[in-house]
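Heads up: the structure comes next, in structure tokens.
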Amino acid sequence: MVRMSAEERRESVIRAAISEFALGGYHGTSTEAIAKRVGVSQPYLFRLFKNKRELFLAAAQRCLEETPRALAAALEVRSDITPKEAMAEAYMGLIDDREQLLMQMQTYVAVASAEAAGDHEFGDAIRAAWAEIWDQARVALGGARDTADFAGCGMLINVLVALGFPRDHRVWSGLNMAELDAVRR
21 MVRMSAEERR ESVIRAAISE FALGGYHGTS TEAIAKRVGV SQPYLFRLFK
71 NKRELFLAAA QRCLEETPRA LAAALEVRSD ITPKEAMAEA YMGLIDDREQ
121 LLMQMQTYVA VASAEAAGDH EFGDAIRAAW AEIWDQARVA LGGARDTADF
171 AGCGMLINVL VALGFPRDHR VWSGLNMAEL DAVRR
């Protein structure tokens with residue numbers, strides 16, 4: 021059996037943390053569950069991450085890093101469609117990963133909770149990652165209004181998917197489903 025390097029083990033812990041935190045949130049997820057999922061001891065987990073907060077932040081940042089990476093890749097390879105369509109296609113691919121979507125949602129809740137407890141550093145880090153996504157979309161779309169529309173639509177889609185609404189439910193009716201379906205192909 022090949023042993024993992026510390027960096028490989030750290031990556032596997034982050035992936036496991038995303039899976040666990042996505043379902044249980046920050047307060048509802050134990051580091052024991054994350055360690056068990058990876059097959060390491062809890063003390064080993066804390067050699068990789070100082071505490072649960074640091075592990076959650078690493079998982080949240082990893083999750084948020086996926087969005088600008090996917091948007092940039094789509095903009096680079098999909099010159100046959102508009103930037104908005106390319107980014108929508110990439111985003112729909114991201115939210116097909118339910119854990120990714122739920123981790124995003126848990127991250128936003130964790131920021132509010134951390135801020136209420138006086139931990140502004142956590143919120144600052146997440147806001148910086150989100151601002152990067154905003155800036156990337158604004159450059160591609162050309163303006164604040166189009167960026168707000170794109171981000172707002174994305175957040176609405178996050179909520180509808182997280183709540184488990186089927187695509188034919190009336191709550192989806194305000195979205196241009198033909199456009200979304202075309203993007204999903």
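Numbering (this note's numbering), first residue to last: 21 to 205. For each residue, glycine too, the CB sits at the ideal point set by N, CA and C.
- In the three-state reduction of the DSSP assignment, residue 169 falls in the helix class.
- Residue 102 carries a coil assignment under DSSP once its states are collapsed to helix, strand and coil.
- The stretch 153-171 makes no contact with the stretch 60-78; the number of CB pairs closer than 8 Å stays below 3.
- Burial of residue 170 is indicated by the presence of at least 16 other C-beta atoms within 10 angstroms of its C-beta.
- Counting only residues of its own chain and dropping the five nearest sequence neighbours on each side, residue 156 has a CB closer than 8 Å to the CB of 88, 91, 92.
- Of the residues 180, 66, 173, 34, the one whose Cα lies closest to the Cα of residue 104 is 173.
- Counted as a single uninterrupted DSSP element, the alpha helix (DSSP H) harbouring residue 132 occupies residues 118-136.
- Beyond the five residues adjoining it in sequence on each side, residue 34 comes within less than 7 Å, by CB distance, of 78, 79, 82 in the same chain, given in chain order.
- In this structure, residue 127 sits near residue 146, with a CB-CB distance shorter than 8 Å.
- Contact check for residue 86 and residue 114: beta-carbon distance about 6 Å, within the 8 Å limit, so the pair qualifies.
- Assignment of residue 188 by DSSP, reduced to helix, strand and coil, places it in the coil class.
- By a beta-carbon distance limit of 8 Å, residue 62 contacts residue 52. Their separation comes to about 6 Å.
- Around the beta carbon of residue 107, 16 or more other beta carbons sit within 10 angstroms, so the residue counts as buried.
- Taking the CA atoms as reference points, residue 188 sits about 30 Å from residue 150.
- For residue 87, the enclosing alpha helix (DSSP H) stretches over residues 72-97.
- Between the alpha carbons of residue 195 and residue 154 lies a distance of about 20 Å.
- If the five residues before and after residue 26 are omitted, its C-beta is found closer than 6 Å to no C-beta atom of its own chain.
- Between residue 143 and residue 131, the beta carbon gap of about 5 Å places them in contact (Cβ cut-off 8 Å).
- Rounded to whole angstroms, residue 24 and residue 32 show a C-alpha spacing of 10 Å.
- In terms of Cα proximity to residue 121, the closest of 22, 28, 29, 38 is 38.
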